[in-house]
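Asks:
There are 2 protein chains.
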Amino acid sequence: MTSTTTAIRGTFFDFVDDPWKHVGNEEVAARFVRDGLLVIENGRVKDFGPFAELSRRYSNVPVTHIRNRLIMPGFIDGHIHFPQTRVLGLYGAQLLDWLQKWIFPEEEKFSNRDYARTAAGHFFDNLLAGGTTTCQAFTTSSPVSTEEFFDEATRRNVRVIAGLTGIDRFAPANSLIGADDFYHESARLIERYHRQGRNLYAITPRFAVGCTSEMMERCRQLKQEHDDCWINTHISENPSELRVARECYPDCHDYTGAHEKHGLLGPKFTAGHGVWLSNDEFRRFAKAGAAIAFCPMSNLFLGSGLFRLGRATDPDHRVRLALGCDMGGGNAFSLVRVLEEAYKVGMCNNTMLDGSVNPREQDVAEAERNKLSPYRAFYLATLGGAHALYLDDLLGNFEPGKEADFVALDWNAGQGAMPWHQSLVLSGPGPETMDQAAQLLFGIMAVGDDRSVDETWVAGKRLYKKNAAAPVAPVAYPRELLPDAATLVGASV
Amino acid sequence: MTSTTTAIRGTFFDFVDDPWKHVGNEEVAARFVRDGLLVIENGRVKDFGPFAELSRRYSNVPVTHIRNRLIMPGFIDGHIHFPQTRVLGLYGAQLLDWLQKWIFPEEEKFSNRDYARTAAGHFFDNLLAGGTTTCQAFTTSSPVSTEEFFDEATRRNVRVIAGLTGIDRFAPANSLIGADDFYHESARLIERYHRQGRNLYAITPRFAVGCTSEMMERCRQLKQEHDDCWINTHISENPSELRVARECYPDCHDYTGAHEKHGLLGPKFTAGHGVWLSNDEFRRFAKAGAAIAFCPMSNLFLGSGLFRLGRATDPDHRVRLALGCDMGGGNAFSLVRVLEEAYKVGMCNNTMLDGSVNPREQDVAEAERNKLSPYRAFYLATLGGAHALYLDDLLGNFEPGKEADFVALDWNAGQGAMPWHQSLVLSGPGPETMDQAAQLLFGIMAVGDDRSVDETWVAGKRLYKKNAAAPVAPVAYPRELLPDAATLVGASV
């Protein structure tokens, strides 16, 4: 046993399959270990199982016992905007106006390195406080913002996907980057960051509306030259945007067609939102192995609409789905809050499809798939997100070999009503069955929030503890004493 | 100056008019006093104005200075269910199924006096922690629950409206009460509680679907015999419910007609939800002076639909509107959270009406009225709610003579992202202009939650302080040392 081996004892809950595949029997997709042991070596899971079985085998390993908590894989956020950290939840506008009024002016500040670095500190503090251990993030059209994002992620050793964010029309001049500059800077940043430490690179055309065909072609070229990279963008968020998209791509039948035309739709491609995608577009996403990041909190906040969750999970054309908080269009970092809003979107869809509003639109099976049970919900936030983003070889559950990112959830935390509410479920001090654990998890997503996350661990190290003496995530070392991140990265090249 | 006179110094924000009357100029409906003094005598506002003006006149009055907070009138919740305190946010069903599966079994427990009393403690603790100082509440069909509700309200000296909740069909036998029993028990409870201390009584037919015509007639009789009482019910929440209502009242043209037929629609009548009311029904509500409690958090959680806020605020047919958390269909007590969801409902409506989805449904003015500015939002939570419930002679702003219920809001509290977010607005330590204050308030409703409420004062006494040593609202005296509430009430008869 080397000295880098440690273990966590506690109550564990994770997933081994997609609960939507098991309607009426969802628990077969989950795994509950009431008294378990997670053995960690060099930041990865070495072993996982019941404490009674494993403890003898690892009797020399130091054990941290996390009591009265549900331990789950760290949450995975498929769609978030680093440079909107300060402007989350701003007033009064739908997508296109909101971008012009609030977002572009703030994002321009991120060409200033000090500002971007300060923001990166806030960003990861808030991310970890919400239990999110991996995100796929937009930066800005300034490479400075992309560098500061990756550098801060490197300092915290968090697995992230991000990239320079390309937009060459429909924004103020300072928010734009030309297609050639975008190509060269992206190539440089891929070289510098992709697969350095836990960083992964996404070629990032912001959205097809804001990208000329020349920009989209440069994205195709980048993907051809760096096939291991991800692609991250937006699609079909808002009806007005949809109309502009059709005008911008008159030769494409629909919004998805703009991505197909430029060879982008495929594995490791993610588009945020997809609120207004047609059934045919869902089918092409499913067939291509492309993913949608479902962003209910943002879709409600910007009035974009109700994502058709039950349609996207049609078993014949199942689309890969991640959750996204889409902060700052989404008004919180917390994926627990996002699950609350996802549940609400699903329930509104359920009503629209049960035949009570319009009998001709009745689809009982699709209505049912819109119900976000705790199994479906926390699957999306963990293994489902990892699967959607093609990260499930690395992340998403406690399988040996995977990276040891996890959260400890306090089912009694949050608004004052929580403990008496959760006491309905429990017969002892903690959950004794998978069903009890699932009910507690629904309590967390319905009545909880970021306060439900008590601890966040990244690669086997605790980076966040609620109400710790330090108000922000405890980074192991004071930031000002660190070597410059570029040096750090350079050292590992 | 008698010894019961005290004063609060701080930064105040309240309303003197309805912001929807002042499109483009909403600030004329509000009042901002950067350094103000609120003079309180015997639980009522004696005087209010700038500190510089008033301090000399009240130089002998002891002053509590509440720094770095926005002080607003206490929040008013027009629709909440006391006996659902423990079961807020339960999984998986629309209205009618949810009632049968989760709600009726829980409510039956409230015929047990000890259980009801325990619940009443939790209920008011959570209410005050959310900054709500007045609510209009449903109880159950058991008089025990109504008594325990009023008794706890009496102990805390909180102004409430509530009543025995009548339902005589479509529920398990133990949840029902016959129309005659309902009549006699209601009359007894009116005698015992109405206008005793701060209690007000609402004749409460649960919803027309659950009430026979005989029950509805008994409600008419009660109102005729106790004209000073309120009436509280539900209407048009869910499409399936709507269909059943039409079957139950075949001689009524619509759901509102069931209330008109039995003489209930009029002043001091409130119906929760109204999601599926027709334009004509909105007009009849407006004309009758009846109110709707807008419950967006519940409407999303149960998938009921999107309340047409912009239609209800049509200036030609303006409906009186209160906010309701509708806990337990709503998954939180906090009206700050309810405002967040109200904003989202408004923005979704805005998109539906801007012509981008369907040009034939474009109504730019109605679309605009759906935008929940901070003025409109906090008006609804305070003076607007008081006006809707015919309490504006008693509550809703800081006018002299009104009851001194107020909250101190911490604009930096809540999720970790808050302070940097709010720093966008401020040039000094606190808001210096009404516009800055309004922007901070939007920050609170978009990014805050119950944590935004730092203190809650009722009739001039502080009943809640966040993170106080005692985890619950500090009642001035230990409950077990109190005289029995019935004795208390009896003493004031």
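Protein sequences appear in the order of chains A and B. Numbers 1 to 493, taken from my numbering, label the letters of the first sequence in order. Numbers 1001 to 1493, taken from my numbering, label the letters of the second sequence in order. Built from N, CA and C at the ideal position, the CB exists for glycine as well. From a predicted model like this one, the values you see are computed outputs, not experimental measurements.
With residue 455 of chain A as the anchor, note down where its beta strand (DSSP E) starts and where it stops.
Replies: Here residue 455 of chain A is taken as the residue at index 455 of the first sequence, counted from 1. Where residue 455 of chain A is concerned, the enclosing beta strand (DSSP E) stretches over 453-458.
Asks: Distance, Cα to Cα, residue 283 of chain A vs residue 165 of chain A?
Replies: Within the first sequence, residue 283 of chain A is the residue found at index 283, counting from 1. Within the first sequence, residue 165 of chain A is the residue found at index 165, counting from 1. Residue 283 of chain A and residue 165 of chain A: Cα-Cα distance of roughly 27 Å.
Asks: Could you work out which residue in B:1343, B:1092 and B:1016 is closest to residue 368 of chain A when comparing CA atoms only?
Replies: Here residue 368 of chain A is taken as the residue at index 368 of the first sequence, counted from 1. That would be B:1092, whose Cα lies nearest to the Cα of residue 368 of chain A.
Asks: Leaving out the 5 sequence neighbours to the left and right, which residues in its chain are closer than 7 Å to residue 371 of chain A when beta-carbon positions are compared?
Replies: By 1-based counting over the first sequence, the position of residue 371 of chain A is 371. If we look at residue 371 of chain A and ignore the five residues flanking it on each side, its Cβ neighbours are 346 and 350.
Asks: Identify each residue in the segment 74-108 of chain A for which the Cβ-Cβ distance to at least one residue of chain B is less than 8 Å, and report them in chain order.
Replies: 85, 86, 87, 88, 89, 90, 91, 92 and 94
Asks: Residues bridged to residue 72 of chain A by DSSP?
Replies: For the purposes of this step, residue 72 of chain A is identified with residue 72 of the first sequence, where counting begins at 1. Answer is A:407.
Asks: From this set, B:1078, B:1382 and B:1085, which residue's C-alpha is nearest residue 1140 of chain B's C-alpha?
Replies: In the second sequence, residue 1140 of chain B corresponds to position 140, counting from 1. Measuring from the Cα of residue 1140 of chain B, the nearest candidate turns out to be B:1085.
Asks: Taking all protein chains shown into account, decide if residue 1382 of chain B is buried (16 or more other Cβ within 10 angstroms of its Cβ) or exposed.
Replies: The residue you call residue 1382 of chain B lines up with position 382 of the second sequence. So residue 1382 of chain B counts as buried.
Asks: Between the C-alpha atoms of residue 286 of chain A and residue 377 of chain A, what's the straight-line distance to the nearest angstrom?
Replies: On the first sequence, residue 286 of chain A is found 286 positions in, with the first residue counted as 1. On the first sequence, residue 377 of chain A is found 377 positions in, with the first residue counted as 1. Residue 286 of chain A and residue 377 of chain A: Cα-Cα distance of roughly 20 Å.
Asks: In three-state DSSP terms, what is residue 19 of chain A?
Replies: Reading the first sequence from its first residue, position 19 is the one you call residue 19 of chain A. Correct three-state label for residue 19 of chain A: helix.
Asks: Which of helix, strand or coil does DSSP assign to residue 1232 of chain B?
Replies: The residue you call residue 1232 of chain B lines up with position 232 of the second sequence. It is a strand residue.
Asks: Closer than 8 Å, CB to CB, is residue 424 of chain A near chain B or not?
Replies: Position 424 of the first sequence, counted from the first residue, corresponds to residue 424 of chain A. At least one chain B Cβ lies under 8 Å of residue 424 of chain A.
Asks: Beta-carbon separation of residue 1504 of chain B and residue 1111 of chain B under 8 Å?
Replies: Any question about residue 1504 of chain B goes unanswered here, given that chain B covers just 1001 to 1493.
Asks: For the candidate residues B:1044, B:1039 and B:1440, whose alpha-carbon lies nearest to that of residue 1050 of chain B?
Replies: Position 50 of the second sequence holds residue 1050 of chain B. If we check each option's Cα against that of residue 1050 of chain B, B:1039 comes out closest.
Asks: So, is the C-beta of residue 239 of chain A closer than 8 Å to a C-beta in chain B?
Replies: Stepping through the first sequence from its first residue, residue 239 of chain A is reached at position 239. Closer than 8 Å: yes.
Asks: Residues in the segment 1240-1253 of chain B with C-beta within 7 Å of chain A's C-beta atoms, listed in sequence order?
Replies: 1240 and 1243
Asks: What residues from chain A crowd round residue 1133 of chain B, counting only those whose CB sits closer than 7 Å?
Replies: Position 133 of the second sequence, counting from 1, holds the residue named residue 1133 of chain B. The premise fails here: residue 1133 of chain B is roughly 16 Å from chain A at the closest Cβ pair, so nothing lies under 7 Å.
Asks: Give the single residue among A:14, A:8, A:21 and A:47 whose Cα lies nearest to the Cα of residue 63 of chain A.
Replies: Here residue 63 of chain A refers to the residue found at position 63 when the first sequence is read from its first residue. If we check each option's Cα against that of residue 63 of chain A, A:8 comes out closest.
Asks: Below 8 Å on the Cβ atoms is my guess for residue 320 of chain A versus residue 387 of chain A; work out the distance and round it to an integer in Å.
Replies: Residue numbering aside, residue 320 of chain A sits at position 320 when the first sequence is read from its first letter. Residue numbering aside, residue 387 of chain A sits at position 387 when the first sequence is read from its first letter. Indeed, because the Cβ distance is near 6 Å, the residues count as touching under 8 Å.
Asks: When the cut-off is 8 Å and only beta carbons count, does residue 997 of chain B lie next to chain A?
Replies: No statement about residue 997 of chain B is possible, as the shown extent of chain B runs from 1001 to 1493 and does not include it.
Asks: Just mark residue 1415 of chain B as buried or exposed, buried being the case when its beta carbon has 16 or more other beta carbons within 10 Å.
Replies: By 1-based counting over the second sequence, the position of residue 1415 of chain B is 415. The residue is buried, with at least 16 neighbouring Cβ atoms inside 10 Å.
Asks: Using a C-beta cutoff of 8 Å, does residue 72 of chain A count as contacting chain B?
Replies: Position 72 of the first sequence holds residue 72 of chain A. Not an interface residue.
Asks: Below 6 Å CB to CB, which residues in the same chain sit around residue 1298 of chain B once its five sequence neighbours on both sides are set aside?
Replies: The residue labelled residue 1298 of chain B in the question sits at position 298 within the second sequence. Closer than 6 Å at Cβ, skipping near neighbours: 1326, 1329 and 1330.
Asks: Where does the unbroken beta strand (DSSP E) through residue 204 of chain A begin, and where does it stop?
Replies: The residue you call residue 204 of chain A lines up with position 204 of the first sequence. Per DSSP, residue 204 of chain A belongs to the beta strand (DSSP E) from 199-205.
Asks: Who are the Cβ neighbours of residue 1119 of chain B in its own chain at under 6 Å, not counting the five residues just before and after it?
Replies: Here the question's residue 1119 of chain B lines up with position 119 in the second sequence. Closer than 6 Å at Cβ, skipping near neighbours: 1085.
Asks: With H, G and I counted as helix, E and B as strand and the rest as coil, what does DSSP make of residue 34 of chain A?
Replies: As a first step, residue 34 of chain A must be located in the first sequence, where it is residue number 34. Residue 34 of chain A falls in the strand class under three-state DSSP.
Asks: With a threshold of 8 Å between beta-carbons, can residue 415 of chain A be considered close to chain B, or not?
Replies: Here residue 415 of chain A refers to the residue found at position 415 of the first sequence. Interface residue, yes.
Asks: Tell me which same chain residues have a C-beta within less than 8 Å of the C-beta of residue 1435 of chain B, skipping the five on either side of it?
Replies: Counting from 1 along the second sequence, the entry for residue 1435 of chain B is found at position 435. For residue 1435 of chain B, where only same-chain residues beyond five positions count, the Cβ hits under 8 Å are 1027.
Asks: Between residue 395 of chain A and chain B, is there a C-beta pair that is closer than 8 Å?
Replies: For the purposes of this step, residue 395 of chain A is taken as residue 395 along the first sequence, with counting starting at 1. For residue 395 of chain A, the answer is no, since every Cβ of chain B falls outside 8 Å of its Cβ.
Asks: Do residue 23 of chain A and residue 401 of chain A have their CB atoms nearer than 8 Å?
Replies: Position 23 of the first sequence, counting from 1, holds the residue named residue 23 of chain A. Position 401 of the first sequence, counting from 1, holds the residue named residue 401 of chain A. For residue 23 of chain A and residue 401 of chain A, no; Cβs fall outside 8 Å.
Asks: Is the Cβ-Cβ distance between residue 223 of chain A and residue 264 of chain A less than 8 Å?
Replies: As a first step, residue 223 of chain A is located in the first sequence; it is residue number 223 there, counting from the start. As a first step, residue 264 of chain A is located in the first sequence; it is residue number 264 there, counting from the start. Their beta carbons are under 8 Å apart, which means residue 223 of chain A touches residue 264 of chain A by this criterion.
Asks: Determine whether the Cβ of residue 194 of chain A lies closer than 8 Å to any Cβ atom of chain B.
Replies: In the first sequence, the residue the question calls residue 194 of chain A occupies position 194. No, no contact with chain B.
Asks: Does the CB of residue 1421 of chain B have a neighbour CB from chain A at under 8 Å?
Replies: As a working note, residue 1421 of chain B is residue 421 in the second sequence. Judged by the 8 Å Cβ criterion, residue 1421 of chain B is in contact with chain A.
Asks: Can you pull the DSSP bridge partners for residue 382 of chain A?
Replies: One-based indexing of the first sequence puts residue 382 of chain A at position 382. BP columns for residue 382 of chain A are empty, so no partner.
Asks: Report all residues from its chain with a CB closer than 7 Å to the CB of residue 398 of chain A; omit the five preceding and five following residues, and keep chain order.
Replies: Looking up residue 398 of chain A in the first sequence gives position 398. Only 12, 14, 38, 45, 48 and 73 meet the Cβ criterion.
Asks: Drop a sphere of 10 angstroms on the beta-carbon of residue 1228 of chain B, count the other beta-carbons inside from all chains shown, and report buried for 16 or more, exposed for fewer.
Replies: Locating residue 1228 of chain B in the second sequence gives position 228, counting from the first residue. With fewer than 16 other beta carbons inside 10 angstroms of its own, residue 1228 of chain B counts as exposed.
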